[in-house]
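Protein chains in written order, with this note's numbering: chain D, 273 to 541; chain G, 751 to 1092.
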């Protein structure tokens, strides 16, 4: 059995997926046109990690969840207005760019330092969660680098299931090629789990949870320290949206038989 | 002057995956284009002697082997990779973006104070600089860049490079020893199927069928026909040996309690929070959004769609052909023709 987990979830904001993204030249790195104005959402896979963390904490007495977010303070505040009503957590905020063009190494350094500074965090009980990739940098490397910097050498990527077994060991299913899972059993915390979708739906909004979270969110945002993400050593050569417009041939007023024949010919071609 | 390490791991059967030979192409091309560069190979697996013999064109082949390295596990893989990079003094590491390496190599890069990119789609040399290209924002923006930090890990996206041919001969394999903890805390217990239903994900299939939420919606008669939809989709997968992708909205219907195709899971999902598979052909059915047509289709070269909406803004301009028709009727006929030809 366990005395409960200390679950730290790394996750921040990304542009709402329905937004059109256009890269423009920035200072140290490319930027997005109207980046500060783009509506943003909690990074989808990090969101799954947060919901899984809260679910695990709720059924494991003595557990606690922290959300460590690096992003522009004003945008983080807007994001928290929506996320805070989902599940209970304590925010640890870092003020800095949430751009996909930031350096994963520098982000990992900043996140690891922030986690090391969490008051009362018992690293022997630590489960470090995050998304298996962000919808911005989309590299799928940051959580592992944070884990490595924290000295956690049991790590799992693209996790869809994490179960605490009798005796405290933890069984993990990770996505691998061909729509299959790699099954592993870890002796217990500490470990890193970079989540895929998991199995939980997005929780409904709870005003009570929101009020409880906001008591710690606003002070956390107020004291958010700056994260240094200079991108030193990186030279950006191009960043563009490829021209992918195709000349679409529209086939209408054809019978199902005719269309099917054409598709089968194409498949066999 | 850069030293390039081609890094690969063996599969359960002791061979190298196809993605490794693709990374080998990238590594060899870079070594040829980058002035003064040298190429070394590093292998990880239970027994790497056999696959070392397929790399006889590379002067130096290093290997980490033993039963602990037979399985995909962070703690043993990160130690092995770090040891191979250190022994070879490599500054550039080219490796396939397999799930095993995507899990372990970021940690190796952090351990060695290096940098890492995954899903790299192009690597080139410009003077003495190495340039990498990959996609950002879920396949919406492509960028090219270089870094001065070393070691720099470049994990090549499967399907982005032509696989190199396996060579034949007898390589001289240098064994590299790795210090592992006395006890490894993680035990790999095996591979499991994602569902008890039919296997619908086939990464090597020539064609990807993307099923959208329209399959589960009310049809002309005002009723849903999920069983019929399931039969049509499964029938096509079997007859065309196709792989199945899904939109998020279709997968989410299951979580919301609606009647859904029982074999469909989040693993089928393509797009923003799903995969971006590489197949030569893609056929989208009953899809009406950006996800399948832009993000999920990014690396599908021949694209067709069946859609009732002629004006669908996401099929228009993204598909080569848009069939304005009822997917139930068309796919039934397609399956009939494929079955007759089988």
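Backbone N, C-alpha and C fix where the C-beta goes; we use that ideal spot for every residue, glycine too.
For residue 405(D), the nearest candidate out of 940(G), 856(G), 1074(G), 844(G) (CA to CA) | 856(G)
Cβ contact check for the stretch 351-361 of chain D and the stretch 291-311 of chain D: 3 or more pairs under 8 Å | The stretch 351-361 of chain D vs the stretch 291-311 of chain D: no contact.
Quickly, what does DSSP pair residue 939(G) with across the bridge? List them, please.
-> Residue 939(G) pairs with nothing; no bridge assigned.
State the start and end residues of the unbroken beta strand (DSSP E) segment that holds residue 463(D).
-> 463-467 is the extent of the beta strand (DSSP E) around residue 463(D).
CA nearest to the CA of residue 989(G), picked from 539(D), 503(D), 529(D) | 539(D)
Distance, Cα to Cα, residue 876(G) vs residue 898(G)?
-> 13 Å
Looking at C-beta atoms only, is the number of pairs between the stretch 359-376 of chain D and the stretch 393-404 of chain D that lie closer than 8 Å three or more?
-> no
Buried/exposed call for residue 977(G), threshold 16 Cβ in 10 Å | exposed
Indicate whether the contact test is met: 3 or more Cβ pairs, each with one atom in the stretch 805-819 of chain G and one in the stretch 906-925 of chain G, closer than 8 Å.
-> yes
Is there at least one Cβ from chain D nearer than 7 Å to residue 852(G)'s Cβ?
-> Closer than 7 Å to some Cβ of chain D, the Cβ of residue 852(G) qualifies, so yes.
Beta-carbon neighbours of residue 892(G), restricted to chain D and to distances below 7 Å | 512, 514
Distance CB(residue 1048(G))-CB(residue 889(G)) smaller than 7 Å = Using a Cβ distance threshold of 7 Å, residue 1048(G) and residue 889(G) count as a contacting pair.
Could you check the C-alpha separation between residue 294(D) and residue 891(G) for me, to the nearest Å?
-> 8 Å
On the three-pair Cβ rule with 8 Å, is the stretch 330-346 of chain D touching the stretch 458-470 of chain D?
-> no
Can you tell me which of 841(G), 1050(G), 798(G), 828(G) puts its alpha carbon nearest to the alpha carbon of residue 784(G)?
-> It is 841(G).
Drop a sphere of 10 angstroms on the beta-carbon of residue 483(D), count the other beta-carbons inside from all chains shown, and report buried for 16 or more, exposed for fewer.
-> So residue 483(D) counts as exposed.
Listed in chain order, which residues of the stretch 1056-1076 of chain G have Cβ atoms closer than 8 Å to some Cβ of chain D?
-> 1056, 1060, 1065, 1066, 1067, 1068, 1069, 1070, 1071, 1072, 1073, 1074, 1075, 1076
What whole-angstrom Cβ distance do residue 454(D) and residue 938(G) have, given they're in contact under 8 Å?
-> That belief holds up - the Cβ atoms of residue 454(D) and residue 938(G) are roughly 7 Å apart, short of 8 Å.
Cα-Cα separation, residue 279(D) to residue 515(D) = Those two C-alpha atoms are separated by around 43 Å.
Do three or more CB pairs link the stretch 403-418 of chain D to the stretch 860-877 of chain G at distances below 8 Å?
-> yes
State the DSSP-derived secondary structure class of residue 330(D), mapped to helix, strand or coil.
-> helix
Per DSSP, what kind of secondary structure is residue 887(G) in: helix, strand or coil?
-> Collapsing the DSSP output to three states places residue 887(G) in coil.
CA-CA distance, residue 524(D) and residue 1073(G)?
-> 6 Å
Sort 975(G), 768(G), 837(G) by Cα distance to residue 1079(G) and report the nearest one.
-> Looking at the Cα atoms, 975(G) is the closest of the given residues.
Decide yes or no for the touch test of the stretch 958-974 of chain G against the stretch 924-942 of chain G: beta carbon pairs closer than 8 Å, at least 3 of them.
-> no
Note down, in chain order, every chain D residue with its Cβ under 8 Å from the Cβ of residue 885(G).
-> Chain order gives the chain D residues near residue 885(G) as 410, where near means a beta carbon separation below 8 Å.
Mind listing the chain D neighbours of residue 1028(G)? Cutoff is C-beta to C-beta under 9 Å, in chain order.
-> By Cβ distance, chain D contributes nothing, its closest Cβ being about 12 Å from residue 1028(G), past 9 Å.
Can you find a CB in chain D that lies within less than 7 Å of the CB of residue 953(G)?
-> yes
For residue 480(D), is the classification buried or exposed, using 16 other Cβ atoms within 10 angstroms of its Cβ as the cut-off for buried?
-> Per the 10 Å Cβ criterion, exposed.
Pairwise C-alpha distance: residue 475(D) and residue 561(D) | This structure does not reach residue 561(D), given that chain D is present from 273 up to 541, and the question cannot be answered.
For residue 489(D) and residue 816(G), the rounded distance between their alpha carbons = 49 Å
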